[in-house]
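**Q**
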Amino acid sequence: AECSVCRAAVGLEPPFFARREMQTATENVVVRDATAEHVELEFRRFLETFEVANEDRELDGSQRPSAYYMAEIAHMVTEDRKTLHVNFCHLEQHHMELAHTIQENYYRYLPYLCATVEFCASTALAAFATPAGDPSQRATMLPSSTCAR
Numbered sequence: 168a169e170c171s172v173c174r175a176a177v178g179l180e181p182p183f184f185a186r187r188e189m190q191t192a193t194e195n196v197v198v199r200d201a202t203a204e205h206v207e208l209e210f211r212r213f214l215e216t217f218e219v220a221n222e223d224r225e226l227d228g229s230q231r232p233s234a235y236y237m238a239e240i241a242h243m244v245t246e247d248r249k250t251l252h253v254n255f256c257h258l259e260q261h262h263m264e265l266a267h268t269i270q271e272n273y274y275r276y277l278p279y280l281c282a283t284v285e286f287c288a289s290t291a292l293a294a295f296a297t298p299a300g301d302p303s304q305r306a307t308m309l310p311s312s313t314c315a316r
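The sequence shown begins at 168 in this note's numbering and counts up by one.
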């Protein structure tokens with residue numbers, strides 16, 4: 168299967184013999200999971216671009232502007248929360264193939280999803296940077312275990 172957006176392979180498991188070779192490789196070899204990296208990129212696009220329809224905003228009581236999840240992440244950072252709640256229906260509405268890929272191998276992609284949320288949180292945190300722009304001050308504010316679910 169391939170992604171309709173960028174034509175990259177999505178949801179493909181390496182063959183059994185390839186998985187076995189990865190397990191027996193030396194400890195210094197870094198194995199890239201290209202599919203997981205693609206999922207990470209597409210999930211980031213989802214977080215950065217997903218917009219809630221006006222009637223949905225009225226139902227959940229929020230009046231947040233476009234980029235719904237970026238506003239949620241900014242709120243998460245200011246409230247010092249460590250969890251982002253993602254509505255799976257939103258993900259399906261935005262990118263059905265991505266939603267099913269994540270659902271099929273959630274634990275495989277979880278570290279990549281968390282990294283995406285951490286990246287977006289650091290982007291939101293940059294908006295609250297100290298006037299001097301001291302990076303050590305900003306880094307202490309970033310939640311240590313931000314995770315998407």
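Idealized CB from N, CA, C, for every residue including glycine.
1. So residue 209 packs on residue 279, CB below 8 Å; how close in whole Å?
2. How long is the line joining the alpha carbons of residue 216 and residue 272, rounded to whole angstroms?
3. With a cut-off of 8 Å on the beta carbons, I'd call residue 213 and residue 261 a contact; round off their distance for me.
4. Please identify the residue among 258, 255, 240, 275 whose C-alpha is closest to the C-alpha of residue 201.
5. If residue 219 sits next to residue 291, beta carbons under 8 Å apart, how far is it from one beta carbon to the other, in whole angstroms?
6. Assign residue 250 to buried or exposed, taking buried as 16 or more other Cβ atoms, counted over all protein chains shown, within 10 Å of its Cβ.
7. Could you work out which residue in 211, 197, 199 is closest to residue 258 when comparing CA atoms only?
8. Identify, in the order they occur along the chain, each residue of the same chain with its Cβ nearer than 6 Å to the Cβ of residue 203, setting aside the five sequence neighbours on each side.
**A** Considering the structure as presented:
1. Not a contact, Cβ separation roughly 10 Å.
2. 23 Å
3. 5 Å
4. 275
5. Wrong, their Cβ atoms sit about 18 Å apart, outside the cutoff.
6. exposed
7. 211
8. 276, 279
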